[in-house]
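A.B. asks: So the sequences go chain by chain: F and E. Everything in the first sequence is counted per this note's numbering, starting at 6 for the first residue and increasing by one. Everything in the second sequence is counted per this note's numbering, starting at 6 for the first residue and increasing by one. Positions of the beta carbon are idealized from the N, C-alpha and C atoms, including for glycine. From a predicted model like this one, the values you see are computed outputs, not experimental measurements. Next up is a structure, given as C-alpha cells.
Number of protein chains: 2
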Amino acid sequence: MPFDLLLNNVSKYIHLDDTEREIFISHLQPKQIKRKQLTLNEGEICKNSIFVTDGCLRGFTVDKNGVEHVLSFAPPGWWMADMYSLISQKPGILNIEALEDTEAIILSKINQEKLYHEVPKFERFFRILTENSLVANQQRIVDNMSLTAEERYSIFCKRYPTLIDHLPQKQIASYIGVTPEFFSRMRSGLLRKS
Amino acid sequence: MPFDLLLNNVSKYIHLDDTEREIFISHLQPKQIKRKQLTLNEGEICKNSIFVTDGCLRGFTVDKNGVEHVLSFAPPGWWMADMYSLISQKPGILNIEALEDTEAIILSKINQEKLYHEVPKFERFFRILTENSLVANQQRIVDNMSLTAEERYSIFCKRYPTLIDHLPQKQIASYIGVTPEFFSRMRSGLLRKS
DNA sequence: CATGGCACTTGATGTAGGTTAAGAAATGAT
DNA sequence: ATCATTTCTTAACCTACATCAAGTGCCATG
Numbered sequence: 006m007p008f009d010l011l012l013n014n015v016s017k018y019i020h021l022d023d024t025e026r027e028i029f030i031s032h033l034q035p036k037q038i039k040r041k042q043l044t045l046n047e048g049e050i051c052k053n054s055i056f057v058t059d060g061c062l063r064g065f066t067v068d069k070n071g072v073e074h075v076l077s078f079a080p081p082g083w084w085m086a087d088m089y090s091l092i093s094q095k096p097g098i099l100n101i102e103a104l105e106d107t108e109a110i111i112l113s114k115i116n117q118e119k120l121y122h123e124v125p126k127f128e129r130f131f132r133i134l135t136e137n138s139l140v141a142n143q144q145r146i147v148d149n150m151s152l153t154a155e156e157r158y159s160i161f162c163k164r165y166p167t168l169i170d171h172l173p174q175k176q177i178a179s180y181i182g183v184t185p186e187f188f189s190r191m192r193s194g195l196l197r198k199s
Numbered sequence: 006m007p008f009d010l011l012l013n014n015v016s017k018y019i020h021l022d023d024t025e026r027e028i029f030i031s032h033l034q035p036k037q038i039k040r041k042q043l044t045l046n047e048g049e050i051c052k053n054s055i056f057v058t059d060g061c062l063r064g065f066t067v068d069k070n071g072v073e074h075v076l077s078f079a080p081p082g083w084w085m086a087d088m089y090s091l092i093s094q095k096p097g098i099l100n101i102e103a104l105e106d107t108e109a110i111i112l113s114k115i116n117q118e119k120l121y122h123e124v125p126k127f128e129r130f131f132r133i134l135t136e137n138s139l140v141a142n143q144q145r146i147v148d149n150m151s152l153t154a155e156e157r158y159s160i161f162c163k164r165y166p167t168l169i170d171h172l173p174q175k176q177i178a179s180y181i182g183v184t185p186e187f188f189s190r191m192r193s194g195l196l197r198k199s
C-alpha cells in the first residue's frame with residue numbers, strides 16, 4: 006500500500022473509519038520528483054501539500070544577494086509546502102526541490118478544502134500539524150538567537166540523525182545558518198576535540 | 006462592550022450567529038494584569054490563551070546565560086500564549102509579562118476544547134490563527150538569516166508602527182536580536198543619515 | 001579516460017555585532 | 001522634591017562568523 010505511511014501519520018492524531026479513509030485517499034495523488042527538480046518556484050502560488058514517502062525534499066528561499074537559505078527538509082513521513090502561499094493563495098517565497106529521486110503524495114489545496122467539508126475531523130488534523138510546525142519554528146527562532154552555530158549543529162544532529170549521513174554538508178550549513186566554509190571548519194574543529 | 010474587540014477579531018474569519026456568540030462569551034473571562042507582573046512563568050503549564058484589549062504583553066525566554074529573548078509582543082487586538090505548552094500541556098519555556106497595566110480576556114484551554122465541540126467552527130478559527138503565526142514565524146526565521154540588524158529594525162518599524170513609540174528600546178532590541186548597546190548605536194547611526 | 005563541474009577544505013583577512021565599563025538621562029517610589 | 005532604579009548612550013576592545021581565494025578530491029557525462 007503506497008498510502009500506508011501517510012495513513013499512519015494521520016492516525017496518530019485522528020481516527021478514521023473505512024468510509025472516511027476512502028474519501029481521504031480519493032483526494033490524493035502520487036507523484037514522482039527527480040533529483041534536482043524544482044516542484045515549486047518562488048513567485049508561484051502553492052497549490053499542494055506534499056507528503057514524502059521516499060527520498061527527500063528541501064524548502065529554501067533565495068535572498069537579495071543570491072544566497073540560499075534552507076527552511077526545512079522533508080524526509081519520508083514529513084509534509085512540505087509553502088505555508089504562506091498555500092494559506093493566502095498569493096505568490097510565495099519558497100522553492101521546493103528534490104535532493105534525490107523522491108516519491109510523494111499530493112493533496113491539492115482544493116481537495117484539502119473539500120476534505121474539510123466531507124470529513125470535518127481533518128480541520129483538527131491539519132490544525133495539529135500546523136501547531137506542531139509553529140512550535141518547531143518558534144524553537145528555531147529561540148535557538149538562532151541564543152545559541153552558537155556549534156550548538157545549533159549539535160541539536161540538528163540529535164534531532165535529525167538520519168539526515169546527517171546522506172545530506173550534502175552545504176545544505177546542513179544553510180539550515181544551521183552558516184556558510185559552507187565555516188561549517189567545514191567547525192566540523193574539523195569538533196572532530197579534533199573528540 | 007468589553008468583548009467587542011475580540012468579537013471583531015473572530016468575525017474576520019468565521020461568522021457567528023447570536024447563540025454561537027453567547028456560547029463563546031460564556032467561556033471567556035476578563036483579567037487585569039499589572040505592569041511588570043508575570044502571568045506565565047517558564048516551567049509552568051500554559052492553561053490559557055490571552056487576548057489583549059488594552060496595554061501590552063511580551064513573551065520571552067531566558068537563555069543559559071540569563072539573557073532574555075523577546076519572541077512576541079501582544080498589543081490590543083493580539084493573542085498571546087506559550088503555544089508549545091498550551092498544545093502539549095507540558096511545562097513551557099515562555100515567560101509572559103505585562104509591559105504596562107493591561108486588560109485582557111482569557112480563554113482557558115479547557116473552555117477552548119469545549120468550544121471546539123459546541124461550535125466546531127472554532128476549529129477553523131484557531132487553525133487560521135495558528136497558520137498566521139506560523140507564517141509570521143517562518144518569515145522571521147528567513148529575516149534573521151538573511152538580513153542585517155538594521156534591515157530587521159526597519160521591517161519592525163513598518164510592521165508595528167504603534168509599538169515603536171511606547172516600547173522600551175531594550176525590548177525592541179531583544180526582539181530584533183541584538184544587544185541594547187548595539188541597538189542604541191544603530192539608531193544614532195540611522196538618525197545621522199537622515 | 002579525460003574533463004568539467006561540484007562539494008569540500010584550508011588560509012588570510014574583513015566586519016557585524018558582542019562585551020565591558022562608566023556616565024547621563026529618564027522614570028518611579030516615597 | 002529627592003533619591004533609587006532602570007534605561008539609554010558612548011567608547012574601547014573583542015570574537016564569531018563572513019568573504020575571498022586557491023587547491024584537492026570526486027563522481028558523472030562525453
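When the Cα of N142/F is compared with those of L99/F, Q117/F, L76/F, I98/F, which residue comes out closest?
C.D. replies: Within the first sequence, residue 142/F is the residue found at index 137, counting from 1. When each option's Cα is compared against that of N142/F, the closest is L76/F.
A.B. asks: Do you know offhand how far P5/F's Cα is from L139/F's?
C.D. replies: Here chain F has residues from 6 to 199 only, and residue 5/F is not among them.
A.B. asks: Might you give, ordered along the chain, the residues of its own chain that have their beta carbon closer than 8 Å to the beta carbon of G201/E, omitting 5 neighbours on each side?
C.D. replies: Coverage of chain E is limited to positions 6 through 199, which leaves residue 201/E absent and any answer about it impossible.
A.B. asks: Assuming L62/E contacts T107/E (C-beta within less than 8 Å), just tell me the rounded distance between them.
C.D. replies: Counting from 1 along the second sequence, the entry for residue 62/E is found at position 57. Counting from 1 along the second sequence, the entry for residue 107/E is found at position 102. Rounded, the Cβ-Cβ distance is 6 Å, consistent with contact.
A.B. asks: Please list, in chain order, all residues of the same chain as L33/F whose beta carbon is under 8 Å from its beta carbon, the five residues on each side excluded.
C.D. replies: What you label residue 33/F is simply residue 28 of the first sequence in a count that begins at 1. Contacts found: F8, L11, I110, I111, L112, N116.
A.B. asks: Mind listing the chain E neighbours of E47/F? Cutoff is C-beta to C-beta under 9 Å, in chain order.
C.D. replies: Working through the first sequence from its first residue, we reach residue 47/F at position 42. Here the premise fails: no neighbours, minimum Cβ distance about 11 Å.
A.B. asks: Any idea if K126/F is buried or exposed, counting beta-carbon neighbours within 10 angstroms, 16 or more meaning buried?
C.D. replies: The residue labelled residue 126/F in the question sits at position 121 within the first sequence. The residue in question, K126/F, is buried, as its Cβ has 16 or more Cβ neighbours within 10 Å.
A.B. asks: Within 10 angstroms of its Cβ, does S179/E collect 16 or more other Cβ (buried), or is it exposed?
C.D. replies: Indexing the second sequence from 1 puts residue 179/E at position 174. Burial call: buried.
A.B. asks: What do you get for D87/E, buried or exposed, if any count of 16 or more other CB atoms within 10 angstroms of its CB means buried?
C.D. replies: On the second sequence, position 82 is the one that residue 87/E refers to. So D87/E ends up on the buried side.
A.B. asks: Determine contact between the segment 42–52 of chain E and the segment 157–176 of chain E, defined as no fewer than three beta-carbon pairs at a distance below 8 Å.
C.D. replies: Not touching, per the Cβ criterion.
A.B. asks: Is E136/E close to chain F, meaning its C-beta is less than 8 Å from at least one C-beta of that chain?
C.D. replies: Residue numbering aside, residue 136/E sits at position 131 when the second sequence is read from its first letter. True, the Cβ-Cβ gap to chain F drops below 8 Å.
A.B. asks: Rounded to the nearest angstrom, what separates V15/F and E118/F at their Cα positions?
C.D. replies: What you label residue 15/F is simply residue 10 of the first sequence in a count that begins at 1. What you label residue 118/F is simply residue 113 of the first sequence in a count that begins at 1. Cα to Cα, the separation comes out at about 17 Å.
A.B. asks: Does the separation of the CB atoms of I131/F and R129/E fall below 8 Å?
C.D. replies: Working through the first sequence from its first residue, we reach residue 131/F at position 126. Working through the second sequence from its first residue, we reach residue 129/E at position 124. Note on identity: in this sequence residue 131/F is Phe, with Ile being the wrong assignment. No, Cβ-Cβ distance for F131/F and R129/E is not below 8 Å.
A.B. asks: Answer with yes or no whether the minimum CB distance from S113/F to chain E is below 8 Å.
C.D. replies: Numbered from 1 along the first sequence, position 108 holds the residue referred to as residue 113/F. Taking Cβ atoms only, chain E never reaches closer than 8 Å to S113/F, which makes this a no.
A.B. asks: Which residues does DSSP list as the beta-bridge partners of V57/E?
C.D. replies: Position 52 of the second sequence, counted from the first residue, corresponds to residue 57/E. The partner list for V57/E (beta bridge, DSSP) reads A109/E.
A.B. asks: Go ahead and pull the three-state DSSP assignment for M119/F.
C.D. replies: As a working note, residue 119/F is residue 114 in the first sequence. Note on residue identity: the sequence assigns Lys, not Met, to residue 119/F. DSSP places K119/F in helix when its eight states are reduced to three.
A.B. asks: Quick one: does F131/F have its CB under 8 Å from some CB of chain E?
C.D. replies: Here residue 131/F refers to the residue found at position 126 when the first sequence is read from its first residue. Closer than 8 Å: yes.
A.B. asks: List, in chain order, every chain F residue whose beta-carbon is nearer than 7 Å to that of T66/E.
C.D. replies: Numbered from its first residue, the second sequence carries residue 66/E at position 61. Within chain F, the residues near T66/E are V147.
A.B. asks: Can you find a C-beta in chain F that's less than 8 Å from the C-beta of M88/E?
C.D. replies: Residue numbering aside, residue 88/E sits at position 83 when the second sequence is read from its first letter. Yes, contact with chain F.
A.B. asks: Could you pull the DSSP bridge partners for G82/F from this structure?
C.D. replies: Along the first sequence, read from residue 1 onward, the residue named residue 82/F stands at position 77. Answer by DSSP bridge pairing: none, since G82/F is not bridged.
A.B. asks: For L43/F, return the contacting residues in chain E, with the cut-off set at a CB-CB distance below 8 Å.
C.D. replies: Along the first sequence, read from residue 1 onward, the residue named residue 43/F stands at position 38. Under the 8 Å cutoff, chain E gives no residues; its nearest Cβ is about 18 Å from L43/F.
A.B. asks: Got a sec? Which residues, its chain only, sit under 6 Å from I38/F by beta carbon, not counting five neighbours each side?
C.D. replies: In the first sequence, counting from the first residue as 1, residue 38/F sits at position 33. Same-chain partners within the cutoff: T44, A103, T107.
A.B. asks: So I30/E contacts chain F; which residues on that side make the cut at Cβ distance below 9 Å?
C.D. replies: Numbered from its first residue, the second sequence carries residue 30/E at position 25. The contacting residues do not exist; I30/E stays about 22 Å from chain F at best.
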